[in-house]
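Reading through the structure tokens given below for one structure.
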Amino acid sequence: MFGELLGPKYLNWLFDGFLITLGLSVIVCLVATLLGFLVCLARLSSLKLWSWPARGYLALFRNTPLLVQLFFWYFGVTSLLPEAMVVWLNQPHSLTLGSAELNWPSFEFIAAFWGLMLYTSAFIAEEFRAGVASVRSQQREAGLAMGLRPAQVWRYVVLPQALRTALGPLLGQYMNALKNSSLTMAIGLAELSYTSRQVETETFKTFQAFGFATLLYIGTIALIEVAGQLIQQSKRYKQGAA
Amino acid sequence: MDFSVIGDNLEYLMIGAYPDGPLGGAALTLILSVLSGAAAAVLGLGLGIALVVVQGWTRWVLLAVLGFLRAIPVLMLIFWSYFLLPIVFHVDVPALATVVCALSLIGGAYLAHSVHAGIRSLSDGQWAAARALGMQPWQVLRLIILPQALPIMLPSFLNQWISLIKDTSLAYVIGVGELSFVATQVSNRVMIHPTEIFMFVALVYFVFCSGLDVLANLLARKRGPVKAR
């Protein structure tokens, strides 16, 4: 049942897939955090012009499956774009910056990034909102009473406390983004789950292929967990909490 | 945009090839959700109570298993159960059962921690008082602790059920004919209207998920707000 290990060729496949999973997750988390923050601000805005679209965005993206969203962006939106643009997106391009050459990512990667990023940003926005809600309103009033302008109250009173509360759930969302990146195999991105499936079909070594992929996922999740623990035990974090 | 493609394929999207073939589409999504939601609730309740009751190394084993289930992608677990279940039980396990098994394991693992936290949120005095009245531990749990803890846990259960409804779409990868699978079939067959089809499918999921949310809010309001303790 267990048999021998995988050949180096297949380990390389899995490792390449893992790199794509990591790369995708990292840029998704970075961009989704920024967008999630903006959506959270819009959602908290007292102007209905801002808060209602944000409500709609959150409800729509949180209540539909990521898989369907990915299909929508990959198959659905492609059919709406002008043909010349689709052709351009599907062709390889490279950008030369000095000695470094940047390759334009595949269309699968762009669609996966876009879909996963929007989905993740909706969840991150809600974590930020919960963080802001955890700051008592007296804090804001006290800040205003001390003569700070509303923007300063946000910058120096509300945000530092809200971000500290939101840190744990935020890391949880990063873990979710990493796990959810596995769904992009359905639109043909050769990330870890996709390559493990590929190795499995080619070698019939189900245990080794899936076991290796599972270990890589668990290892990465464990690393995020450890990083979170380290941040929360760091001097700066504790000083702020006191 | 041309939504006539939805009308033409509405029956197939809703119930699959039924009654001539197997049930599929949105109806199968609902069945998958209900089955895995119920199994996840039972499993989560059992494991959560076990987390409270069990001590020593069995507790560590339990925590490790729960940690494992929470750390791997749902897709990976579906793959694992798809290939492991037939080997373990030496019978042909239908893909449908595989998905329900994987989803309820994941859902149960998440719920176990909510149940544990919900039970722990009650003060120790509740246990002590009930024990002082001469109740057996099992009676304390059933008559005193759970009736108070379950309303506290309700939001966690709801969130988990909503994410289970969304996760049933992953059955697509092993070829179960639920809504997402049927949608890609239709999309591949008609070739020209993927946008409309996937928008419609997203809408159906949206109705299911937010419907559950609204229903739960109505029920909670009918029963009156949970009293603060």
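Chains A and B are the protein sequences, given in the same order. Numbering-wise (the numbering used here), the first sequence opens with residue 1 and increments by one. Numbering-wise (the numbering used here), the second sequence opens with residue 1001 and increments by one. Note that the Cβ used here is the ideal one computed from N, Cα and C, for glycine as well.
Between valine 31 of chain A and methionine 117 of chain A, the CB-CB gap stays under 8 Å.
For secondary structure counted as the alpha helix (DSSP H) over 4 or more consecutive residues, the segment 1027-1073 of chain B holds these complete runs in sequence order: 1057-1071. Under a criterion of Cβ atoms nearer than 9 Å, the residues of chain A adjacent to phenylalanine 1083 of chain B are, in order, Glu200, Thr206, Phe207, Phe210. With a cutoff of 8 Å on beta-carbon distance, isoleucine 1106 of chain B and valine 1173 of chain B are scored as not near each other.
In the three-state reduction of the DSSP assignment, asparagine 180 of chain A falls in the helix class.
Per DSSP, proline 1094 of chain B lies in no alpha helix (DSSP H) segment and is marked neither H nor E. Closest option to tryptophan 1138 of chain B, judged by alpha-carbon separation, among B:Phe1003, B:Val1052, B:Val1201: B:Val1052. About 4 Å separates the beta carbons of leucine 1179 of chain B and threonine 1029 of chain B, which is inside the 8 Å limit, making them a contact pair. In the three-state reduction of the DSSP assignment, asparagine 1159 of chain B falls in the helix class, which pools H, G and I. Within the same chain, Val39, Ala42, Arg43 come within 7 Å of alanine 54 of chain A by CB-CB distance, once the 5 residues on both sides are set aside. In the structure shown, the three-state DSSP call for asparagine 63 of chain A is coil.
Across the set A:Val26, A:Val199, A:Trp13, A:Thr33, the C-alpha of A:Thr33 shows the shortest separation from the C-alpha of glutamate 127 of chain A.
Around the CB of lysine 235 of chain A, fewer than 16 other CB atoms lie within 10 Å, so the residue is classed as exposed. For aspartate 1124 of chain B, the uninterrupted alpha helix (DSSP H) run begins and ends at 1124-1132, by DSSP. Residue state for glutamate 4 of chain A is assigned as coil, using DSSP reduced to three classes. Spatial neighbours of leucine 1062 of chain B in its own chain (CB-CB distance under 8 Å, excluding positions within 5 residues in sequence) are listed in chain order as Leu1047, Ala1050, Leu1051, Val1054. Per DSSP, alanine 1171 of chain B lies in no alpha helix (DSSP H) and is assigned neither H nor E. Within chain A, no residue has its CB atom less than 8 Å from the CB of proline 1022 of chain B, the nearest being about 21 Å off. Contact annotation: in the segment 1069-1093 of chain B, residues whose CB is within less than 7 Å of a CB in chain A are Ala1071, Ile1072, Pro1073, Leu1075, Met1076, Phe1079, Trp1080, Phe1083.
With 16 or more other Cβ atoms from the protein chains shown falling within 10 Å of its own Cβ, glutamate 1196 of chain B counts as buried. Its Cα nearest to that of leucine 1045 of chain B, the residue B:Ser1114 stands out among B:Ser1114, B:Leu1203, B:Gly1125, B:Trp1161.
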